[in-house]
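Numbering (our numbering), first residue to last: 4 to 491.
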Amino acid sequence: MQAAGLWHVGTLGSVTDAPVVRFAPSPTGFLHVGSAHSALANWLVARQAGGRFLLRIEDTDAERNRPELIENVLEMLRWLGLGWDDEPVHQSDRTDEHRRAALEMAEAGTAYWCDCAGEQVQARAQERGGPPGYDGHCRRRGLDRSDSTALRFRVPEGTTRWTDLVRGEVSFENTTLEDFVLLRSSGAPMFLLVNALDDAHMGITHVIRGEDHVNGTPKYLLILRALSLDEPTAFAHLPLLVNEGRKKLSKRRDDVSVADYRAEGLLPEAMVNYLSLLGWGPPDGVEVRPVEEIIELYDLAAVNPSPAFFDRDKLLHVNGEWIRSLDPADFVARASPFLPPGDEPAQALAAMAPLVQERVKTLAEAPAMVDFLWMEEPPLDEAAWDKALVRGRAAREVLDASLDELGRLAEAGDGAWVAADVSDAVARVATTAGLVNAEGRPQMAKAQAPIRVATTGRAVGPPLWESLAVLGPTRTLARLGAARERLG
RNA sequence: GCCCCCGUCGUCCAGCGGCCCAGGACACCGGCCUUUCAAGCCGGCAACGCGGGUUCGAAUCCCGUCGGGGGUACCA
């Protein structure tokens with residue numbers, strides 16, 4: 004909340020009191036976690052200060068543009084709960100406007116036409132042994148527009164600086180900036196031009212984006228100044244999200260698709276919560292908390308400028324906490340897309356929900372915890388069978404005694420039984436099978452193992468008494484009998 | 001190469017000149033609890049890159065150095 008005052012610093016008056024921010028994805032891939040991180044920061048700032056969070060689709064690259072991906076981006080933002088204001092702006096709709104501004108610069112002399120081919124530029128750079136990049140060859144040639152000329156910005160002398168909310172003062176000597184291209188020879192406007200123009204057009208007050216845009220910022224600023232357009236009141240360059248090799252997260256190497264995380268059973272609350280923790284931490288140290296609180300506490304000025312490792316383990320931990328905090332009915336509803344179709348799986352999960360919630364880190368893990376309840380023959384973990392039934396001590400005795408004790412309980416129970424009675428019966432089984440400790444107490448851990456594998460197919464799972472209570476006497480006894488037979 | 005940014009436990013975050021022989025979280029290790037597995041609780045391991053300065057006093061300020069990253073397209 005301390006940061007609230009920041010919105011007013013350097014503004015000219017009451018008009019810009021509430022921040023106007025934007026998320027500007029280019030539809031060249033699925034929304035990835037790095038973009039989501041930026042989108043979240045923008046959204047938080049807008050929601051915190053009663054501002055507006057706008058969307059702009061940067062679709063000016065006709066080559067790589069994949070319109071169908073726009074829908075993925077929007078869907079993921081919706082899933083994350085990062086709702087936007089107004090209709091998304093499509094950059095490609097404003098091309099005429101962009102071109103007009105570029106021509107205006109050509110007219111004013113702040114930009115000039117250049118017919119150098121890329122190879123020529125490179126060759127000259129190599130020849131003079133200097134740094135690669137454009138050398139200003141056409142600066143004074145006074146070329147006219149043609150279908151083989153690109154428009155380049157005439158970088159002025161001086162120093163370009165700005166105050167970054169995350170990084171403090173940042174400055175560039177303009178001599179280190181090359182005369183970059185504004186308009187391709189095809190007439191298509193370039194990213195930097197379009198980006199700056201559209202931000203001005205949309206009245207963006209706070210440009211919040213990844214650190215990879217730092218180097219483009221002086222050019223962005225220079226363009227706005229050449230056109231006498233209003234500059235944003237603040238910039239914030241967020242830390243990059245990196246992989247274990249400390250490299251920027253990339254689509255090729257890393258698991259970055261938000262859609263994939265959703266498919267893995269991450270809760271959007273957990274995703275947003277975890278993302279907020281990269282580069283920032285709440286002042287009170289409470290990490291897992293509702294987004295409403297994060298909105299209140301988030302502060303760009305407190306964001307750590309160094310790169311942050313996207314730690315899957317911690318993400319999963321946060322997700323586990325969120326899953327455990329869910330109301331059981333809500334948990335079942337959210338996990339249902341991960342269940343096989345039909346009423347049975349849903350009912351099985353509902354019957355065991357609280358016990359399952361405590362044991363999974365993702366929704367996708369839930370079905371395997373209760374599949375023995377709806378499957379006629381649950382998949383058998385051979386290693387578990389071998390350990391508990393073949394090599395396990397007194398396995399036959401346990402099964403025999405179980406058939407006996409649980410059979411008696413079933414008869415008394417008239418088709419159903421309760422967990423406490425199952426527990427008592429297994430205690431008697433342990434004693435019968437000789438599984439007792441020095442004090443003569445039944446060793447429940449040992450006794451439950453063969454029964455668990457025989458009835459659920461696995462060595463681990465939810466508490467057995469409750470599991471068998473839901474499974475019911477008929478199926479429990481049938482499976483115990485089958486296991487006994489298989490053992491021989 | 002050049003430009004820019006960054007540098008506290010393995011990882012994320014706290015620390016903004018004395019409260020720090022550095023705190024929390026994840027991971028890891030041990031213990032307790034316990035019908036398995038989890039969860040929970042208790043405990044442990046583990047960091048201020050290095051060198052100079054400034055100061056009575058530096059993780060905190062300055063300089064340098066080393067290291068890492070990002071950018072350097074008629075991609076966005």
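We treat Cβ as the ideally placed atom computed from N, Cα and C, and that holds for glycine.
Are E181 and G136 close, meaning C-beta to C-beta below 8 Å? yes
Return the CA-CA distance between D330 and P357, expressed in angstroms with no decimal places. 9 Å
Hey, how far is the Cα of E110 from the Cα of D147? 11 Å
Candidates P382, T434, E385: which alpha carbon is nearest A404's? T434
Taking the straight line between their C-alpha atoms, what separation do you get for G161 and V275? 41 Å
What alpha helix (DSSP H) runs, 4 residues minimum, are completely inside the segment 311-383? For the alpha helix (DSSP H) assignment, the uninterrupted runs of no fewer than 4 residues enclosed by the segment 311-383 are, from N- to C-terminal side, 315-328, 331-338, 346-360, 369-373.
Own chain partners of T14 with C-beta closer than 8 Å, once the 5 adjacent residues on each side are dropped: Note that T14 scores a pLDDT of 36, beneath 50, so its modelled location is shaky and nothing firm can be said.
Span of the alpha helix (DSSP H) holding A223? Sequence check: residue 223 is Tyr here, not Ala. 220-229 is the extent of the alpha helix (DSSP H) around Y223.
Between P192 and A105, is the Cβ-Cβ spacing less than 8 Å? Yes, they are a contact pair.
Exposure label - V393; buried when at least 16 CB within 10 Å: exposed
Does the Cβ-Cβ distance between A436 and V401 come in under 8 Å? yes
Taking G213 as part of the alpha helix (DSSP H), name the residues at either end of that continuous run. Note, G213: premise wrong, no alpha helix (DSSP H); beta strand (DSSP E) at 209-213.
Assign K254 to one of two classes, buried (16 or more other C-beta atoms within 10 Å of its C-beta) or exposed (fewer than that). exposed
N-terminal and C-terminal residue of the alpha helix (DSSP H) that G37 is part of: 36-51
In this structure, how does DSSP classify Y277 when only helix, strand and coil are distinguished? It is helical.
Residues that DSSP places opposite T162 in a beta bridge: Under DSSP, T162 takes part in a beta bridge, and its partners are E176.
Bridge partners for Y115 per DSSP, in chain order? R155
Euclidean distance between Cα positions of P348 and E368: 14 Å
Residue ranges of each alpha helix (DSSP H) run of no fewer than 4 residues wholly in the segment 68-113, ordered along the chain? Counting whole runs of 4 or more residues, the segment 68-113 contains the alpha helix (DSSP H) stretches 71-83, 98-111.
Please classify V23 as buried or exposed, where buried requires at least 16 neighbouring CB atoms within 10 angstroms. buried
DSSP three-state call for L186: helix, strand or coil? Here L186 sits in strand by DSSP.
Answer with buried or exposed for H11, where buried requires no fewer than 16 other C-beta atoms within 10 angstroms of its C-beta. With a pLDDT of 34 at H11, under the threshold of 50, the predicted position of this residue should be treated as unreliable, and no value is reported.
Beta-carbon contacts of L467 that lie in its chain and below 6 Å, excluding the five residues immediately before and after: Q451, R455
Quick one: give me the first and last residue of the alpha helix (DSSP H) that F194 is part of. 194-205
Have a look at D202, R212, L409, T152 and flag the residue whose alpha-carbon is nearest the alpha-carbon of G190. T152
Out of curiosity, what's the CA-to-CA distance linking E176 and T163? 6 Å
Consult DSSP for V23 and reduce its assignment to one of helix, strand or coil. strand
Could you pull the DSSP bridge partners for V245 from this structure? K251, F312
Whole-angstrom C-beta distance between L244 and V36, which should lie under 8 Å: 6 Å
For R510, three-class secondary structure by DSSP: Any question about residue 510 goes unanswered here, given that the chain covers just 4 to 491.
Report the three-state DSSP secondary structure of H538 (helix, strand or coil). Given a span of 4 to 491 for the chain in the structure shown, any question on residue 538 remains unanswerable.
Of the listed residues H40, T31, Q94, nearest to P310 (C-alpha basis): Just measuring C-alpha positions, the residue of H40, T31, Q94 sitting nearest P310 is H40.
Is it buried or exposed for T479, if we count other Cβ within 10 angstroms and need 16 for buried? buried
Between the segment 69-83 and the segment 195-204, do at least 3 Cβ pairs fall closer than 8 Å? In short, these stretches do not touch, since the Cβ pair count stays below three.
Provide the residue span of the beta strand (DSSP E) that contains R59, from first to last. 55-60
State the beta-bridge partners of F238 as determined by DSSP. Beta-bridge partners of F238 (DSSP): D167, V210.
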